[in-house]
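Numbered per the UniProt record's numbering, the sequence shown spans residues 1 to 252. Glycine included, every Cβ here is placed at the ideal spot set by N, Cα and C.
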Amino acid sequence: MHPDQSHARLRLDAALDRVAVTFRGMTARPDETNCACHWGSAEELARLKVADVELDLDLLQRTWQATDWTDHASMLRRILPQLATTLVDGLVEPLFGAERVGLAFALGNWQEWPTEQAAAVEEFLQAWWAYTLTDPDPTRPAHDLLVLAAEATGTVSPWLDSWEGLRHPVTDGHLAEAADRWEYDLLGDRLPWSAWENEEEMRIELTAWLVRHAPARLRVHGASEDLLHRIRLLGVTGPDRWDDPHWPGHRY
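Pasting the structure below:
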(Lines of atoms letter the chains of each structure in order from A and count residues from 1; the text may use other names and numbers.)
(Lines give C-alpha, C1' and ligand atoms only; values in the text may rest on other atoms or scores of the structure.)
Protein backbone atom coordinates (compact mmCIF):
# COMPACT_ATOMS: atom_id res chain seq x y z
CA MET A 1 0.00 0.00 0.00
CA HIS A 2 1.61 3.27 -1.11
CA PRO A 3 1.59 6.32 1.23
CA ASP A 4 -1.33 8.07 -0.48
CA GLN A 5 -3.47 4.96 -0.18
CA SER A 6 -2.48 4.36 3.44
CA HIS A 7 -3.45 7.91 4.36
CA ALA A 8 -6.70 7.59 2.40
CA ARG A 9 -7.57 4.37 4.25
CA LEU A 10 -7.06 6.02 7.63
CA ARG A 11 -9.27 8.90 6.51
CA LEU A 12 -11.98 6.52 5.32
CA ASP A 13 -11.93 4.53 8.56
CA ALA A 14 -12.27 7.76 10.52
CA ALA A 15 -15.17 8.84 8.31
CA LEU A 16 -16.97 5.53 8.86
CA ASP A 17 -16.49 5.88 12.60
CA ARG A 18 -17.86 9.42 12.42
CA VAL A 19 -20.96 8.23 10.58
CA ALA A 20 -21.50 5.48 13.16
CA VAL A 21 -21.26 7.93 16.06
CA THR A 22 -23.26 10.72 14.42
CA PHE A 23 -26.22 8.51 13.49
CA ARG A 24 -26.22 6.23 16.51
CA GLY A 25 -29.68 5.93 18.00
CA MET A 26 -31.55 7.03 14.86
CA THR A 27 -34.83 5.36 13.91
CA ALA A 28 -37.47 5.53 11.22
CA ARG A 29 -40.58 7.49 12.09
CA PRO A 30 -42.93 5.59 14.44
CA ASP A 31 -45.76 5.98 11.92
CA GLU A 32 -43.67 5.06 8.84
CA THR A 33 -45.40 2.55 6.55
CA ASN A 34 -44.74 0.61 3.38
CA CYS A 35 -46.51 -1.98 1.27
CA ALA A 36 -46.33 -5.44 2.82
CA CYS A 37 -46.92 -7.01 -0.60
CA HIS A 38 -44.04 -5.26 -2.36
CA TRP A 39 -41.58 -4.05 0.26
CA GLY A 40 -41.64 -6.41 3.23
CA SER A 41 -43.36 -7.57 6.39
CA ALA A 42 -44.63 -5.60 9.36
CA GLU A 43 -41.98 -7.32 11.48
CA GLU A 44 -39.24 -6.05 9.18
CA LEU A 45 -40.66 -2.53 9.23
CA ALA A 46 -40.71 -2.67 13.03
CA ARG A 47 -36.95 -3.37 13.06
CA LEU A 48 -36.37 -0.04 11.35
CA LYS A 49 -38.14 1.72 14.20
CA VAL A 50 -35.67 0.33 16.76
CA ALA A 51 -32.31 2.03 17.01
CA ASP A 52 -29.02 0.32 16.16
CA VAL A 53 -30.48 -3.10 15.33
CA GLU A 54 -28.41 -4.60 12.52
CA LEU A 55 -30.37 -5.54 9.43
CA ASP A 56 -29.76 -8.50 7.19
CA LEU A 57 -28.39 -7.47 3.80
CA ASP A 58 -31.63 -8.21 1.96
CA LEU A 59 -33.66 -5.97 4.28
CA LEU A 60 -31.01 -3.27 4.10
CA GLN A 61 -31.09 -3.35 0.30
CA ARG A 62 -34.88 -3.23 0.11
CA THR A 63 -34.87 -0.30 2.52
CA TRP A 64 -32.42 1.94 0.69
CA GLN A 65 -33.89 1.03 -2.71
CA ALA A 66 -37.45 2.00 -1.75
CA THR A 67 -38.47 5.42 -3.07
CA ASP A 68 -41.85 5.71 -1.35
CA TRP A 69 -40.97 6.30 2.29
CA THR A 70 -42.96 9.03 3.99
CA ASP A 71 -39.80 10.38 5.60
CA HIS A 72 -36.75 9.51 3.50
CA ALA A 73 -34.44 11.56 5.70
CA SER A 74 -35.28 9.63 8.87
CA MET A 75 -35.01 6.31 7.08
CA LEU A 76 -31.63 7.17 5.58
CA ARG A 77 -30.29 8.32 8.95
CA ARG A 78 -31.52 5.04 10.47
CA ILE A 79 -29.57 2.85 8.04
CA LEU A 80 -26.56 5.05 7.26
CA PRO A 81 -23.97 3.47 9.61
CA GLN A 82 -24.60 -0.01 8.22
CA LEU A 83 -25.17 1.20 4.65
CA ALA A 84 -21.87 3.12 4.58
CA THR A 85 -19.92 0.10 5.77
CA THR A 86 -21.57 -2.33 3.37
CA LEU A 87 -21.00 0.07 0.48
CA VAL A 88 -17.29 0.30 1.23
CA ASP A 89 -17.08 -3.47 1.64
CA GLY A 90 -18.68 -4.01 -1.76
CA LEU A 91 -21.74 -5.78 -0.37
CA VAL A 92 -24.36 -3.51 -1.97
CA GLU A 93 -25.45 -4.54 -5.44
CA PRO A 94 -27.74 -1.94 -7.04
CA LEU A 95 -30.10 -3.40 -9.60
CA PHE A 96 -30.16 -0.33 -11.83
CA GLY A 97 -26.64 1.06 -11.60
CA ALA A 98 -24.63 3.07 -9.10
CA GLU A 99 -26.86 6.08 -9.69
CA ARG A 100 -29.61 4.22 -7.82
CA VAL A 101 -27.54 4.28 -4.63
CA GLY A 102 -26.82 7.97 -5.13
CA LEU A 103 -30.55 8.58 -5.50
CA ALA A 104 -31.14 7.02 -2.08
CA PHE A 105 -28.89 9.72 -0.62
CA ALA A 106 -30.47 12.48 -2.71
CA LEU A 107 -34.01 11.54 -1.67
CA GLY A 108 -32.96 11.96 1.95
CA ASN A 109 -31.96 15.61 1.27
CA TRP A 110 -28.93 15.02 3.48
CA GLN A 111 -27.34 18.35 2.54
CA GLU A 112 -30.18 20.08 4.41
CA TRP A 113 -29.64 18.12 7.62
CA PRO A 114 -28.12 19.69 10.74
CA THR A 115 -24.53 20.76 10.15
CA GLU A 116 -22.88 17.89 12.04
CA GLN A 117 -24.94 15.26 10.24
CA ALA A 118 -24.46 16.75 6.76
CA ALA A 119 -20.72 17.12 7.38
CA ALA A 120 -20.44 13.45 8.38
CA VAL A 121 -22.11 12.31 5.14
CA GLU A 122 -20.01 14.65 3.01
CA GLU A 123 -16.77 13.51 4.62
CA PHE A 124 -17.75 9.86 4.15
CA LEU A 125 -18.34 10.37 0.43
CA GLN A 126 -15.16 12.39 0.00
CA ALA A 127 -13.04 9.91 1.98
CA TRP A 128 -14.45 6.92 0.11
CA TRP A 129 -13.75 8.65 -3.19
CA ALA A 130 -10.16 9.50 -2.24
CA TYR A 131 -9.51 5.92 -1.13
CA THR A 132 -11.05 4.44 -4.28
CA LEU A 133 -8.90 6.63 -6.51
CA THR A 134 -5.75 5.34 -4.80
CA ASP A 135 -6.82 1.68 -4.65
CA PRO A 136 -5.59 -0.41 -7.61
CA ASP A 137 -8.45 -2.87 -7.12
CA PRO A 138 -11.36 -1.05 -5.44
CA THR A 139 -14.56 -2.83 -4.44
CA ARG A 140 -16.46 -0.42 -6.69
CA PRO A 141 -14.81 0.95 -9.84
CA ALA A 142 -13.95 4.64 -9.73
CA HIS A 143 -16.30 5.40 -12.63
CA ASP A 144 -19.17 3.78 -10.71
CA LEU A 145 -18.39 5.66 -7.51
CA LEU A 146 -18.26 8.97 -9.36
CA VAL A 147 -21.78 8.27 -10.61
CA LEU A 148 -22.95 7.43 -7.10
CA ALA A 149 -21.34 10.53 -5.60
CA ALA A 150 -22.59 12.81 -8.39
CA GLU A 151 -26.16 11.60 -7.90
CA ALA A 152 -25.88 11.90 -4.12
CA THR A 153 -24.75 15.52 -4.41
CA GLY A 154 -26.25 16.68 -7.71
CA THR A 155 -22.87 17.68 -9.15
CA VAL A 156 -19.69 16.20 -10.62
CA SER A 157 -17.51 19.20 -9.75
CA PRO A 158 -15.93 18.20 -6.42
CA TRP A 159 -15.31 14.64 -7.56
CA LEU A 160 -13.59 15.70 -10.77
CA ASP A 161 -11.55 18.29 -8.84
CA SER A 162 -10.29 15.58 -6.49
CA TRP A 163 -9.44 13.31 -9.41
CA GLU A 164 -7.55 16.12 -11.12
CA GLY A 165 -5.52 16.76 -7.98
CA LEU A 166 -4.38 13.15 -7.55
CA ARG A 167 -1.59 12.30 -10.00
CA HIS A 168 -0.50 8.68 -9.69
CA PRO A 169 -0.37 5.64 -12.01
CA VAL A 170 -3.27 4.10 -10.10
CA THR A 171 -5.52 7.14 -10.48
CA ASP A 172 -4.53 7.41 -14.14
CA GLY A 173 -5.48 3.77 -14.62
CA HIS A 174 -8.92 4.47 -13.20
CA LEU A 175 -9.19 7.45 -15.55
CA ALA A 176 -8.36 5.27 -18.56
CA GLU A 177 -11.01 2.75 -17.55
CA ALA A 178 -13.58 5.51 -17.04
CA ALA A 179 -12.77 7.24 -20.34
CA ASP A 180 -13.15 3.95 -22.20
CA ARG A 181 -16.46 3.36 -20.46
CA TRP A 182 -17.88 6.84 -21.02
CA GLU A 183 -16.74 7.84 -24.50
CA TYR A 184 -19.57 6.10 -26.40
CA ASP A 185 -22.35 7.97 -24.61
CA LEU A 186 -20.49 11.28 -24.43
CA LEU A 187 -19.73 11.20 -28.17
CA GLY A 188 -23.49 10.87 -28.64
CA ASP A 189 -23.98 13.91 -26.38
CA ARG A 190 -25.48 11.78 -23.64
CA LEU A 191 -24.54 11.46 -20.00
CA PRO A 192 -23.30 7.88 -19.38
CA TRP A 193 -25.87 7.31 -16.62
CA SER A 194 -29.49 8.15 -15.79
CA ALA A 195 -29.30 11.31 -13.71
CA TRP A 196 -31.89 12.30 -11.13
CA GLU A 197 -31.27 16.00 -11.85
CA ASN A 198 -28.78 18.37 -13.56
CA GLU A 199 -28.19 15.86 -16.36
CA GLU A 200 -27.17 18.34 -19.06
CA GLU A 201 -24.96 20.37 -16.74
CA MET A 202 -23.11 17.26 -15.60
CA ARG A 203 -22.69 16.01 -19.18
CA ILE A 204 -21.19 19.30 -20.31
CA GLU A 205 -18.85 19.50 -17.34
CA LEU A 206 -17.71 15.89 -17.58
CA THR A 207 -17.06 16.22 -21.31
CA ALA A 208 -15.08 19.44 -20.92
CA TRP A 209 -13.07 17.97 -18.04
CA LEU A 210 -12.09 14.90 -20.04
CA VAL A 211 -11.06 17.02 -23.03
CA ARG A 212 -8.88 19.25 -20.83
CA HIS A 213 -7.34 16.80 -18.39
CA ALA A 214 -7.52 13.27 -19.73
CA PRO A 215 -5.26 13.23 -22.83
CA ALA A 216 -1.91 13.89 -21.14
CA ARG A 217 -2.62 11.41 -18.36
CA LEU A 218 -3.89 8.78 -20.76
CA ARG A 219 -0.72 9.06 -22.85
CA VAL A 220 1.45 8.59 -19.77
CA HIS A 221 -0.68 5.61 -18.82
CA GLY A 222 -0.15 4.07 -22.27
CA ALA A 223 -3.72 4.32 -23.52
CA SER A 224 -4.36 3.36 -27.12
CA GLU A 225 -4.30 5.94 -29.91
CA ASP A 226 -7.89 4.94 -30.64
CA LEU A 227 -9.03 5.99 -27.15
CA LEU A 228 -7.01 9.20 -27.36
CA HIS A 229 -8.75 10.10 -30.62
CA ARG A 230 -12.16 9.40 -29.11
CA ILE A 231 -11.43 11.72 -26.20
CA ARG A 232 -10.13 14.36 -28.63
CA LEU A 233 -13.36 14.12 -30.60
CA LEU A 234 -15.32 15.09 -27.49
CA GLY A 235 -13.97 18.59 -28.08
CA VAL A 236 -15.25 18.65 -31.67
CA THR A 237 -18.88 19.42 -32.46
CA GLY A 238 -21.35 18.82 -35.26
CA PRO A 239 -20.36 17.33 -38.64
CA ASP A 240 -16.67 17.93 -37.89
CA ARG A 241 -16.92 15.23 -35.24
CA TRP A 242 -18.71 12.68 -37.42
CA ASP A 243 -16.62 13.42 -40.52
CA ASP A 244 -13.31 13.11 -38.69
CA PRO A 245 -11.21 10.25 -40.11
CA HIS A 246 -10.94 8.84 -36.60
CA TRP A 247 -14.69 8.81 -35.92
CA PRO A 248 -15.24 5.36 -34.38
CA GLY A 249 -18.45 4.67 -36.30
CA HIS A 250 -20.76 4.74 -33.30
CA ARG A 251 -24.47 4.51 -34.10
CA TYR A 252 -27.13 5.91 -31.79
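Closest by C-alpha distance to Ser162, out of Trp209, His72, Arg140, is Trp209. Counting along the chain, Gly40 sits inside no alpha helix (DSSP H), nor does DSSP assign it H or E at all. Taking a cut-off of 8 Å on C-beta distances, the region 122-139 does not touch the region 22-42, as fewer than three cross pairs fall below it. The region 223-230 and the region 170-187 touch, with three or more beta-carbon pairs separated by less than 8 Å. Within 10 angstroms of the beta-carbon of Ile79 lie 16 or more other beta-carbons, which makes it buried. Distance from the CA of Leu145 to the CA of Thr153, rounded to the nearest whole angstrom, comes to 12 Å.
The DSSP-derived three-state label of His250 is coil. Taking the CA atoms as reference points, Arg251 sits about 10 Å from Asp185. Rounded to the nearest whole angstrom, the CA to CA distance from Ala195 to Glu201 is 10 Å. For Leu125, the secondary structure class from DSSP, reduced to helix, strand or coil, is helix. Taking C-alpha positions only, Glu112 is separated from Leu187 by approximately 35 Å.
Note on Phe105: 16 or more other CB atoms within 10 angstroms of its CB, so buried under the neighbour-count rule.
The C-beta distance from Phe124 to Ala15 rounds to 4 Å, short enough to meet the 8 Å contact threshold. In this structure, Thr33 and Thr70 form a Cβ contact; the two beta carbons are roughly 7 Å apart against a cut-off of 8 Å. In the three-state reduction of the DSSP assignment, Trp193 falls in the coil class, being assigned neither a helical nor a strand state. For Leu60, the uninterrupted alpha helix (DSSP H) run begins and ends at 57-65, by DSSP. For Pro81, the number of other beta carbons within 10 angstroms of its own is at least 16, and it is reported as buried. In the DSSP assignment, Glu164 falls within the unbroken alpha helix (DSSP H) covering 157-165.
Going by DSSP, Pro81 is part of the alpha helix (DSSP H) stretching over 72-88. Per DSSP, Glu201 is one residue of the alpha helix (DSSP H) stretching across 199-221. Ile204 counts as exposed, since fewer than 16 other beta carbons sit within 10 angstroms of its beta carbon.
Taking the CA atoms as reference points, Asp137 sits about 25 Å from Arg18.
Put simply, of Glu43, Ala149, Pro141, His38 the residue whose alpha carbon is nearest the alpha carbon of Gly90 is Pro141. In this structure, the alpha-carbon of Glu183 lies about 10 Å from that of Asp189.
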